[in-house]
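**Q** I have a structure here, written as C-alpha cells, and I will follow up with some questions on it.
Numbering (the numbering used here), first residue to last: 157 to 506.
What follows is the structure in C-alpha cells.
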C-alpha cells in the first residue's frame, strides 16, 4: 500500500469470515481499533441518513414525467446509458481494486461505489456541459430503480473475484436501504407533479444541505480519527479515486459514440456514467458496516465525490472553451422547464 501500514491484517480478516457485518463487538475489535466514539459514530450515521433522505427528495423533484416521455417511447439512448452505468463502472472498480491490490475492506467499499446508481449531481453536470437533460433525468431515474436488482447482483458477481469477499457484503442491508430511498424519491416526484412551485426550493435546499453535511462529516472525522485519515491518502486509494470517474467519463462517451448517439446525448451519457450517487454509497458503507470493520474507509466515497466534481468541472471548462473558440457559444437551443429549473438551482448554489 505504498508504504502505508495495512490496517486490515489478513490473519484477522480471515478469522472473522471476511469481516461479515454479523461480527460481535468483541471479535470485530480484532480488525480495527475503535476510531469513533459511540456518540460521534451515531451522529455521523444520523447526518448521513438525513442527508440521503433530503437528497432523494431533491432528486425526485427534478423528475418530470412529461418531459421524458420521448425517451421512454424510444429507449435506445436510455438502454445505452444504463449499459454504460452498470457495465463500465462496476468493471472499472473491480479492475482497479485488483490492479492496485488494495485490502479486502477497501475493495468492498470501492466495489459498492462502482455499483451505485447515478445521482442528482450528474443532472447538474449534464446541464453544465449542454447535454440532453431529458435523457439525464431518465437515466438517473432508471438507474436508481434498477439499483434494487443490479447493485446486489453486481456486488455478488464481482465479490467472487476475491477469495474472502463472498460473505462480506450486507446484501439485505443494501436492498433495504435502496427500498427506503425510493420513498423520499417518490415523494419528490409527487411534489414536482402537484406542487411544482416548491420543487426548485427543495432541490436548492437539498444541494446546500449536502455540501454543508460533507464539510461537517469531514470536520468530525478529522477531530475524532486524526492521523488514521492518512490511510485515505495512500497512493493506491488516491489513484483509484482519480481514475474511476475519469474512466467512466471517457468510456461513457466512447460507447455512446460507437452507437452513434447525438452529441448532446454522448455528453450526457459520459457525465451520468462517471458520476455516482455518492451520498447513497457513503450512507450504505457507514450504516451497514461496523466501525471496527470499515475503519476510515467510510470517507472514501467523499474523496471519490471530490474527484468526480473536479474532473467533470475540468471537462465542462474545456467544452465551454471549445464552444467559445469555434463560435458555437450562441445558438437556438431552447431550455426545457426542467433545464431552466436546474440552471436556476445550480446558479443559486454556486
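Backbone N, C-alpha and C fix where the C-beta goes; we use that ideal spot for every residue, glycine too. What you are looking at is a predicted structure, and each value in this text was computed from that prediction instead of being measured.
#1: Please report the residue range of the alpha helix (DSSP H) in which residue 286 lies.
#2: Looking at C-alpha atoms only, which residue of 436, 437, 412 and 275 is the closest neighbour of residue 425?
#3: Residue 348 lies in the alpha helix (DSSP H); which residues open and close that run?
#4: Considering Cα atoms alone, identify which of 479, 435, 439 and 482 is closest to residue 462.
#5: Sorted by chain position, which residues of the same chain lie with C-beta nearer than 7 Å to residue 489's C-beta, five sequence neighbours on each side aside?
#6: From what residue to what residue does the alpha helix (DSSP H) around residue 240 run?
#7: Alpha carbon to alpha carbon, what distance is there between residue 386 and residue 160?
#8: Taking the runs of the alpha helix (DSSP H) that are 4 residues or longer, which of them lie wholly in the region 376-435?
#9: Could you please give the first and the last residue of the uninterrupted alpha helix (DSSP H) stretch that includes residue 201?
#10: Considering only residues of the same chain and omitting the five flanking positions on each side of residue 250, which have a CB-CB separation below 8 Å?
#11: Alpha carbons only, please: which of 455, 242, 260 and 468 is nearest the one belonging to residue 308?
#12: Among the residues of its own chain, which have a CB less than 8 Å from the CB of residue 213, if the five just before and after it don't count?
#13: Measure how close the beta-carbons of residue 204 and residue 442 come, nearest whole angstrom, since I'm counting them as under 8 Å.
#14: With C-beta atoms as the reference, is residue 451 less than 8 Å away from residue 429?
**A** On the basis of the data shown:
#1: For residue 286, no alpha helix (DSSP H) run applies, since DSSP gives it neither H nor E.
#2: The residue with the shortest Cα to Cα distance from residue 425 is 412.
#3: Run containing residue 348: 327-350, per the alpha helix (DSSP H) assignment.
#4: Residue 435 holds the alpha-carbon nearest to the alpha-carbon of residue 462 among 479, 435, 439 and 482.
#5: Residue placement at residue 489 cannot be trusted, given a pLDDT of 47 that sits under 50; the coordinates are not used to answer.
#6: Its alpha helix (DSSP H) spans residues 232-256.
#7: Residue confidence is low: residue 160 scores 39 on pLDDT, short of 50, so the model does not pin down where it sits. No coordinate-derived value is stated.
#8: 391-414 and 419-430, all fully within the region 376-435.
#9: Residue range 194-217 is occupied by the alpha helix (DSSP H) that includes residue 201.
#10: The answer, listed in chain order, is 267, 270, 314 and 317.
#11: Nearest option by C-alpha distance: 242.
#12: These residues qualify, in order along the chain: 340, 341, 343, 344, 347, 358 and 362.
#13: Indeed they touch by this definition, with Cβ atoms about 5 Å apart.
#14: Taking 8 Å as the cut-off, the beta carbon of residue 451 is found no closer than this to the beta carbon of residue 429.
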